[in-house]
Amino acid sequence: MSSTLVTGAGGFAGSHLLDLLTRNGSHVVAWHRPGVEPPAGWPGVVWQAVDVTDAEAVWSAIASAKPQAVYHCAAEAHVGRSFGNTTPTFKINVLGTHHVLEGLRRAELRAKMIVPSSAMVYASSGEALDEDHPLGPDSPYALSKLAQEMTALHAREDGQHVTIARAFNHVGPRQDPFFAASGFARRIADIEAGKWEPEIAVGNLEARRDIHDVRDTVRAYRLILEHGADGRAYNVCSGRAIQIGALLDKLLAHARVPIRIRVDPARYRPNDVPLVVGDPSRLQTELGWLPEIPLDQTLDDLLSYWRARSVA
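In our numbering, the protein residues as written are 44 to 355.
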């Protein structure tokens, strides 16, 4: 039986990808980090503890699974933390990608593989970014994602079918609270439960970001893997930007108690660009993808997720 491999399946996008793939009856092999229990909730998924920085472990697992499709979601994904964790960021994002592709080559497998990259590979701009916009990563994370793309595309010489998804900001349930929307939602839920004083400390609220639902993101990943042109990059974005302060206001409008906001300069990132918004034309025109979930629904679902955990 042919299988679909999802690396980083215990993470944010990876777990939502499992939701999507298992609804379609795919035979899924899911990798999670060793030493971390895999999440429950996907009957039939075969979980394996694989460290993508361990070349032999990766090759052995790939040779066993023999995947025909690979969603390579394993990544160190936080821009701000990458400044203090440069080495593990590059090790996981770049070396880990090399090991997966080398594992396919050593196992003599030809697979379709999608590499979720990031909008952060682009040079900053006051306009919507399309796939031909100049590249200019300005953080260790962004540089690692560009190096990951180059590593993946080089494997096409070995016969692998590789596509790139340059994801812009995607939010939703299960997201790490180190990210703004999820962090705001968790704090609101904890305040409502009486676990914190009614105050949220924030960084830069002026920045504007292209934000959409993670469930729309993973639908795009599947389309890109199945139908995207070999070697091609696709922006995964809404084409609309919202100010972070406006996003927080939307969440606060649903809070059950009054909450005050305090600006904390220590929360500002070293390189926080004022605007990141994408042009989704290529993905829409070539593959027919459109975001389906309204931002208000995404934020409602995110608050519900954290409220359930705050009272647990």
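Each residue gets a CB set at the ideal place from its N, CA and C atoms; glycine is no exception. Model, not experiment: these values are computed from the prediction.
Original post:
How would you call Asn-67, buried or exposed, if buried means at least 16 neighbouring beta carbons within 10 angstroms?
Top reply: It is exposed - the Cβ of Asn-67 has fewer than 16 other Cβ atoms within 10 Å.
Original post:
Val-257 and Phe-55 look like a contact to me (Cβ under 8 Å); what is the Cβ gap, rounded to whole Å?
Top reply: Taking 8 Å as the upper bound for CB-CB distance, Val-257 and Phe-55 are in contact here, some 7 Å apart.
**OP:** Quick one: residues in its chain with C-beta nearer than 6 Å to the C-beta of Asp-201, no 5 flanking neighbours on either side, listed in chain order?
**Re:** Within its own chain, the residues whose Cβ lies closer than 6 Å to the Cβ of Asp-201, once the five positions on either side in sequence are excluded, are Arg-148, listed in chain order.
Original post:
Nearest-angstrom Cα distance between Ser-107 and Gly-274?
Top reply: Roughly 26 Å separates the two Cα atoms.
Subject >> Touching by the beta-carbon criterion (3+ pairs, under 8 Å), the segment 259 to 270 and the segment 326 to 344 >> reply: Yes, the segment 259 to 270 is in contact with the segment 326 to 344.
Original post:
Three or more beta-carbon pairs under 8 Å between the segment 229 to 245 and the segment 180 to 200, yes or no?
Top reply: Output reads no: the segment 180 to 200 does not touch the segment 229 to 245.
Original post:
Just reading off the alpha helix (DSSP H) that Tyr-184 is part of, what are its end residues?
Top reply: In the DSSP assignment, Tyr-184 falls within the unbroken alpha helix (DSSP H) covering 183 to 197.
Subject >> Validate contact between the segment 188 to 198 and the segment 153 to 168 using beta carbons, cut 8 Å, 3 pairs >> reply: Taking 8 Å as the limit for Cβ pairs, the verdict is that the segment 153 to 168 does touch the segment 188 to 198.
Original post:
What is the DSSP secondary structure of Ile-302, reduced to helix, strand or coil?
Top reply: DSSP places Ile-302 in coil when its eight states are reduced to three.
**OP:** Look at the Cβ atom of Thr-50, then the Cβ atom of His-115, and state whether they are nearer than 8 Å.
**Re:** Yes, the Cβ-Cβ distance between Thr-50 and His-115 is below 8 Å.
**OP:** Can you give me the start and stop residues for the beta strand (DSSP E) that Asp-256 sits inside?
**Re:** According to the DSSP assignment, Asp-256 belongs to the beta strand (DSSP E) that extends over 251 to 256.
Original post:
Taking DSSP as the reference, what is the three-state secondary structure of Gly-321?
Top reply: Here Gly-321 sits in strand by DSSP.
Original post:
How would you write the range of the alpha helix (DSSP H) that His-70 sits in, first residue to last?
Top reply: Run containing His-70: none; DSSP gives neither H nor E here.
Original post:
Three-state secondary structure (DSSP) at His-270?
Top reply: In this structure, His-270 counts as helix in the three-state DSSP scheme.
Subject >> Buried versus exposed, by CB contacts within 10 Å (16 or more), Leu-178 >> reply: Using a 10 angstroms sphere on the CB of Leu-178, the tally of other CB atoms stays under 16, which defines it as exposed.
**OP:** Report the rounded CA-to-CA distance for Gln-327 versus Arg-209, giving the unit in angstroms.
**Re:** Between Gln-327 and Arg-209, the alpha-carbon positions lie close to 14 Å from each other.
Original post:
Is Pro-159 helix, strand or coil when you go by DSSP?
Top reply: Pro-159 falls in the strand class under three-state DSSP.
Original post:
Any idea if Gly-146 is buried or exposed, counting beta-carbon neighbours within 10 angstroms, 16 or more meaning buried?
Top reply: Per the 10 Å Cβ criterion, buried.
Original post:
Just how far apart, CA to CA, sit Ala-120 and His-75?
Top reply: Spanning the two alpha carbons is a distance of roughly 15 Å.
**OP:** With a cut-off of 8 Å on the beta carbons, I'd call Val-72 and Gln-91 a contact; round off their distance for me.
**Re:** About 6 Å separates the two Cβ atoms, so the contact holds.
**OP:** Output yes or no for whether 8 Å exceeds the beta carbon distance between Tyr-399 and Arg-262.
**Re:** Not covered by the structure: residue 399. The range shown for the chain is 44 to 355.
Original post:
With respect to the beta strand (DSSP E) encompassing Ile-207, which residues constitute its N-terminal and C-terminal limits?
Top reply: Unbroken beta strand (DSSP E) run through Ile-207: 204 to 210.
Subject >> Anticipated Cβ contact below 8 Å, Glu-174 with Ala-276, distance rounded >> reply: Right, the Cβ-Cβ distance comes to about 5 Å (below 8 Å), so this counts as a contact.
Subject >> Val-143 versus Asn-128 - alpha carbon distance >> reply: Rounded to the nearest whole angstrom, the CA to CA distance from Val-143 to Asn-128 is 22 Å.
**OP:** Can you grab the Cα-Cα spacing for the pair Val-164 / Leu-295, in whole Å?
**Re:** Their Cα atoms are separated by approximately 32 Å.
**OP:** Report all residues from its chain with a CB closer than 7 Å to the CB of Ala-100; omit the five preceding and five following residues, and keep chain order.
**Re:** Cβ within range, chain order: Val-93, Asp-94.
Subject >> Cβ-Cβ distance between Ile-304 and Ala-223 below 8 Å >> reply: Their beta carbons are not under 8 Å apart, which means Ile-304 does not touch Ala-223 by this criterion.
Subject >> Bridge partners - Thr-50, DSSP secondary structure assignment >> reply: Residue pairing by DSSP puts Thr-50 in a beta bridge opposite His-115.
Original post:
Going by the beta-carbon positions, is the gap between Asp-307 and Gly-226 smaller than 8 Å?
Top reply: It is not a contact, given that the beta carbons lie outside the stated cut-off.
Original post:
Are the beta-carbon atoms of Ala-232 and Ser-58 separated by less than 8 Å?
Top reply: Contact: no.
**OP:** Starting from Ala-276, follow the alpha helix (DSSP H) in both directions and report where the run begins and ends.
**Re:** Not the alpha helix (DSSP H): Ala-276 falls in the beta strand (DSSP E), residues 276 to 279.
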